[in-house]
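Asker: For the sequence shown, the UniProt record's numbering gives the first residue as 1, with consecutive numbering after it.
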Amino acid sequence: MIMFVSCLDSNFLDSHWKHPIAEQGLPPANFSNLEKNLNPNACGSCHKDQFQNWKKSFHAKSANKGFLWQKEILSSEEYRSCFQCHSPLAETKSVLSDTYQTEEILNSKAHNFTEGISNPSIICASCHIRNQIRFGPPPRTNLIHEDQSNNLPHNGYVVKQEFESSEFCKSCHESKETGVKLAGKRLMEVYSEWEKSPFAKQGIQCQNCHMPNREHSWKGIHDKTFVQNSLLPTWTITENKGIYHIQAELKSISVGHAFPTYVVPKINLRFYAVIKNKSTPILLEESVIGRIVNTNLTEEYLDTRIQPQKSHLVRFDFEPKKNTIKEFLWKIEVDPDEQYIRSFEEQLREKGDKLSIPTKKLLQESLSEKKNSRYMLFTLSLKVPVSLPQ
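Okay, here's the thing in structure tokens:
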């Protein structure tokens with residue numbers, strides 16, 4: 001593999017993520033049909049692991065039902081503004097909007113996507129190809145070979161260390177300074193949150209956690225195991241004269257930004273008492289971790305997110321009427337799409353009758369998917385009489 005090695009280039013990311021990204025143009029004449037094909041399936045012919053992980057990732061679903069149905073309620077300008085992150089390439093944008101069906105873009109699409117584009121989301125070329133040149137991270141080893149025969153697949157690639165830098169992710173995961181601000185904060189500040197964290201000082205990048213071993217899955221809040229490994233719940237219950245004192249802590253141990261980041265996910269903490277001879281536990285206390293804003297994105301009500309390596313604390317007392325407590329339960333539930341659920345329900349209620357039948361169906365299906373994304377993260381229990389801290 002031929003490589004053009006570079007150090008960090010301050011201008012690379014500015015040019016690489018300069019929007020709108022230009023069409024790829026005609027493939028080099030010496031490329032085979034496979035090399036000319038920018039469909040992810042073609043990339044998967046050689047990059048099998050990356051392709052299989054990408055297929056299951058949210059990058060591959062960035063232009064899914066929850067995105068597509070909104071075309072009918074947004075202005076053309078608002079809808080197109082979403083393409084910058086949800087469908088970065090000029091060729092994929094042409095599938096979503098007539099605005100991008102120019103002669104140049106359609107010609108590029110015909111030559112680079114000969115079978116058409118079935119998924120106009122974030123694809124391999126969105127990050128790795130500009131003007132028919134392939135870019136990627138440094139090789140896993142220090143061995144660099146130069147093949148002077150020029151017979152390398154897609155003419156080799158250009159090495160850029162930025163592919164292993166958090167700054168590479170900033171373009172889509174950090175709202176612009178000119179964007180909406182609530183309580184002095186932008187809607188997305190994940191890069192800034194990371195930049196202020198101990199992880200940034202230790203040189204731990206986004207890719208270290210979300211792309212371990214260069215895995216193209218970008219796991220996050222929707223992945224139960226990933227989240228479980230990032231948090232530590234502990235609690236103690238003591239009893240004094242019939243009054244139970246509950247103290248619980250949920251600590252962020254390996255999240256390099258506010259948890260959860262963005263305004264969308266919420267974490268629900270609920271404490272129950274299991275009563276003898278009763279099948280249904282009694283809810284004692286509940287709280288929410290997250291950034292709670294209205295559906296119009298004009299007002300923030302609460303921000304209880306956990307900062308990196310900090311904790312969310314809950315303390316309360318409970319005095320049962322009788323000594324009938326069998327055990328206490330602490331359930332931690334993740335609602336990854338809470339903001340979307342509220343917003344989609346409101347849109348369906350207020351505009352459902354005005355939407356076209358196909359769009360309304362997309363909205364209903366997306367709402368159902370969002371509701372089904374909830375999962376129980378932890379369930380902890382302490383028997384009564386309470387003994388040692390758990």
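Cβ coordinates follow ideal geometry from the N, Cα and C atoms, glycine included.
Ignore the nearest five residues each way along the sequence and tell me which others in histidine 216's own chain have a CB closer than 7 angstroms to its CB.
Answerer: On the sequence shown, residue 216 is found 216 positions in, with the first residue counted as 1. Around histidine 216: Gln50, Asn53, Trp54 and Ser57.
Asker: Have a look at the DSSP bridge pairing and note the partners of threonine 324.
Answerer: Position 324 of the sequence shown holds residue 324. According to DSSP, which records beta bridges pairwise, threonine 324 is partnered with nothing at all.
Asker: Can you give me the C-alpha to C-alpha distance between glycine 256 and lysine 321, rounded to a whole angstrom?
Answerer: Here the question's residue 256 lines up with position 256 in the sequence shown. Here the question's residue 321 lines up with position 321 in the sequence shown. Taking the straight line from one Cα to the other gives about 44 angstroms.
Asker: Report the residue from Pro308, Gly352 and Lys331 whose alpha carbon sits nearest the alpha carbon of isoleucine 379.
Answerer: Numbered from its first residue, the sequence shown carries residue 379 at position 379. Checking the sequence shown, residue 379 turns out to be threonine, not isoleucine. It is Lys331 whose Cα lies nearest to the Cα of threonine 379.
Asker: In the DSSP assignment, the beta strand (DSSP E) including tryptophan 54 goes from what residue to what residue?
Answerer: Against the sequence shown, residue 54 aligns to sequence position 54. No beta strand (DSSP E) contains tryptophan 54, which is instead part of the alpha helix (DSSP H) from 48-56.
Asker: How should serine 87 be labelled, buried or exposed, when 16 other C-beta atoms within 10 angstroms of its C-beta is the threshold for buried?
Answerer: For the purposes of this step, residue 87 is taken as residue 87 along the sequence shown, with counting starting at 1. Label assigned to serine 87: buried.
Asker: Looking at the unbroken beta strand (DSSP E) that takes in asparagine 37, where does it start and where does it end?
Answerer: Position 37 of the sequence shown, counted from the start, is the residue given in the question as residue 37. Neither: asparagine 37 is in no beta strand (DSSP E) and is coded neither H nor E.
Asker: Here's the rule I'm using: 16 or more other beta-carbon atoms within 10 Å means buried, otherwise exposed. How should isoleucine 243 be labelled?
Answerer: Along the sequence shown, read from residue 1 onward, the residue named residue 243 stands at position 243. Isoleucine 243 is exposed by the Cβ-count criterion.
Asker: Based on the DSSP secondary-structure assignment, which residues constitute the bridge partners of glutamine 247?
Answerer: The residue you call residue 247 lines up with position 247 of the sequence shown. In DSSP, glutamine 247 forms a bridge with Thr236 and Arg315.
Asker: May I ask you to report which of helix, strand or coil DSSP gives glutamate 365?
Answerer: In the sequence shown, residue 365 corresponds to position 365, counting from 1. Helix, per DSSP.
Asker: Hey, valine 190 and isoleucine 267 are a contact pair by Cβ (cut 8 angstroms); roughly how many whole angstroms apart?
Answerer: What you label residue 190 is simply residue 190 of the sequence shown in a count that begins at 1. What you label residue 267 is simply residue 267 of the sequence shown in a count that begins at 1. About 16 angstroms separates the two Cβ atoms, so there is no contact after all.
Asker: Indicate the three-state DSSP secondary structure (helix, strand or coil) for phenylalanine 378 in the structure shown.
Answerer: The residue given as residue 378 occupies position 378 in the sequence shown. Note: phenylalanine 378 maps to strand in three-state DSSP.
Asker: Which same chain residues end up closer than 6 angstroms to isoleucine 122 when comparing Cβ atoms and leaving out the 5 residues on each side of it in sequence?
Answerer: Counting from one through the sequence shown, the residue named residue 122 turns up at place 122. His59 and Ser62, listed in sequence order.
Asker: In the structure shown, what three-state DSSP assignment does leucine 158 receive?
Answerer: In the sequence shown, counting from the first residue as 1, residue 158 sits at position 158. It is valine, not leucine, that sits at residue 158 in the sequence shown. Three-state DSSP puts valine 158 in a strand.
Asker: Helix, strand or coil: which one does DSSP assign to serine 230?
Answerer: By 1-based counting over the sequence shown, the position of residue 230 is 230. The answer is coil: DSSP assigns serine 230 none of H, G, I, E or B.
Asker: So isoleucine 265 and glycine 290 are supposed to be a Cβ contact under 8 angstroms. How far apart are they, rounded?
Answerer: On the sequence shown, residue 265 is found 265 positions in, with the first residue counted as 1. On the sequence shown, residue 290 is found 290 positions in, with the first residue counted as 1. Note that residue 265 is proline in the sequence shown, not isoleucine. At roughly 6 angstroms, the Cβ-Cβ gap stays under 8 angstroms, so proline 265 and glycine 290 are in contact.
Asker: Measuring alpha carbon to alpha carbon, tell me which of Asn131, Tyr157, Pro120 and Val263 ends up nearest proline 137.
Answerer: Stepping through the sequence shown from its first residue, residue 137 is reached at position 137. For proline 137, the nearest C-alpha among the options comes from Tyr157.
Asker: So is the beta-carbon of asparagine 213 under 7 angstroms away from any non-hydrogen atom of the ligand GDP?
Answerer: Absence of the ligand GDP from the depicted structure is noted, as is the absence of any ligand whatsoever, leaving it without description.
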